[in-house]
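Visitor:
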Amino acid sequence: MGQIDLHVHSTKSDGTYTPTELVNYALEKGLTAFALTDHDTVDGIDEALKAAKGKPITVIPGIEYSTEYLNRDVHIVGLFIDYKTPAFVKYLQHFKESRDTRNYKLCANLQNAGFDISYEELMEAFPGAVITRAHYAKLLLSKGYVKSMKEAFDRYLGDHTPYFVHREKITPQEVIQVTLQAGGVPILAHPTLYKLGKEQLDILVATLTEQGLKGIECLYCTYTASDEREMKALADKYHLLPSGGSDFHGANKPGLDLGVGYGKLYVPEEYMSKLNI
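So the working numbering is basically just the index in the sequence shown, starting at one, shifted up by 223.
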């Protein structure tokens, strides 16, 4: 049985490998498939599919959406998306405009705090990428304002810092419906990271299942054995399909590797066949 990775990022969002480099690295790692799930964009999929043509690897068109639930950032991964569906393309444009508005406001807050940065500078430094807070962190680090990416988030970019700007409220339910309309499979990403507690997480999964959620990440780079058991139990309880991935970002997440996460992750190929419904 082959090994796959259903949660991977490229330079089109906040990863450091281009889509083509990801294909080549996945082949080097012996993967039989991976899903390109950049944040709020599908701009890298055409390149990845072209790079994989004629090679023994499958590229799954995907995306990772950032949504809000109980004032927390909750992520939904969409897999097997028909990413050229007109309604989907139109929705993504709206999504991008919402992110851009947030980014301009965040940049202004940092400027007012005395940081010599501009949004234009960010776009020049990361051409073609959907600008995320990780890009802000890298710029602050490169200019010597912080000593690490972690410090950038802890002091200036995290949800609870005075500079943080919420995006237009986009709900998990909304992106689940968009994904379904594009023929995709919506997956709740890394549920343990939301720190909701068992009762609230159960309520979230139950609510989203009613809205059309089809799967849950039962395998993830930071899960303990206990986490895996809990996520698989939730999947069974609500008849959801299991998914899993490393959340690979290249050099932006040191020590985290494609396919294996921090060393122990293994997502079986059978997950892909079950999800491709």
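All C-beta atoms in this analysis are idealised placements derived from N, C-alpha and C, irrespective of residue type, glycine included. Values in this document were obtained by computation on a predicted structure and should not be read as measured data.
1. Just verifying my parser: in three-state terms, what is the DSSP assignment at Val388?
2. Of all the alpha helix (DSSP H) runs that stay within the bounds of the segment 372 to 439, which reach a length of 4 or more residues?
3. Are the segment 409 to 420 and the segment 298 to 313 touching, with three or more C-beta to C-beta distances below 8 Å?
4. Anyone know if the C-beta pair for Lys235 and Asp269 falls short of 7 Å?
5. Which whole runs of the beta strand (DSSP E) in the segment 276 to 344 are 3 residues long or more, in chain order?
6. Would you call Glu320 buried or exposed, if buried means 16 or more other Cβ atoms sit within 10 Å of its Cβ?
7. Quick check on Pro242: buried or exposed, where buried means 16 or more other Cβ atoms within 10 Å of its Cβ?
8. Thinking C-alpha only, which one of Tyr417, Asp377, Ile304, Lys313 is nearest Glu223?
9. With 16 other CB atoms within 10 Å as the buried threshold, where does Asn294 fall?
10. Could you check how far apart the C-beta atoms of Gly225 and Glu492 are, in whole angstroms? I think they sit under 8 Å.
11. For Tyr461, which residues in the same chain have their Cβ closer than 6 Å to its Cβ, ignoring the five residues on either side in sequence?
12. Could you spell out the range, first to last residue, of the alpha helix (DSSP H) harbouring Pro501?
13. So if DSSP puts His358 in a beta bridge, which residue, or which two residues, is it bridged to?
14. Return the first residue and the last residue of the beta strand (DSSP E) that Ser236 is part of.
15. What is the C-beta distance between Gly435 and Leu403, in whole angstroms, given that I count them as a contact (C-beta under 8 Å)?
16. Is the distance from the Cβ of Leu333 to the Cβ of Tyr248 below 7 Å?
17. How would you label Ser175, buried or exposed, when you count the other beta carbons within 10 angstroms and need 16 or more for buried?
18. Touch check for the segment 390 to 400 and the segment 337 to 347: three-plus C-beta pairs under 8 Å?
19. What three-state label does DSSP hand Tyr494 in the structure shown?
Guide: Taking the geometry as given:
1. Val388 falls in the coil class under three-state DSSP.
2. 372 to 375, 395 to 404, 421 to 433
3. yes
4. no
5. 281 to 292, 295 to 302
6. exposed
7. By the neighbour-count definition (other C-beta atoms within 10 Å, threshold 16), Pro242 is a buried residue.
8. Residue coverage of the chain in this structure runs from 224 to 500, which leaves residue 223 outside it and unanswerable.
9. exposed
10. 4 Å
11. If we look at Tyr461 and ignore the five residues flanking it on each side, its Cβ neighbours are Val428, Thr432.
12. Here the chain has residues from 224 to 500 only, and residue 501 is not among them.
13. Beta-bridge pairing links His358 to no other residue.
14. Looking at the DSSP string, Ser236 is not in any beta strand (DSSP E), and its letter there is neither H nor E.
15. 5 Å
16. No; because the gap between Cβ atoms is not below 7 Å, this pair is not in contact.
17. This structure does not reach residue 175, given that the chain is present from 224 up to 500, and the question cannot be answered.
18. no
19. helix
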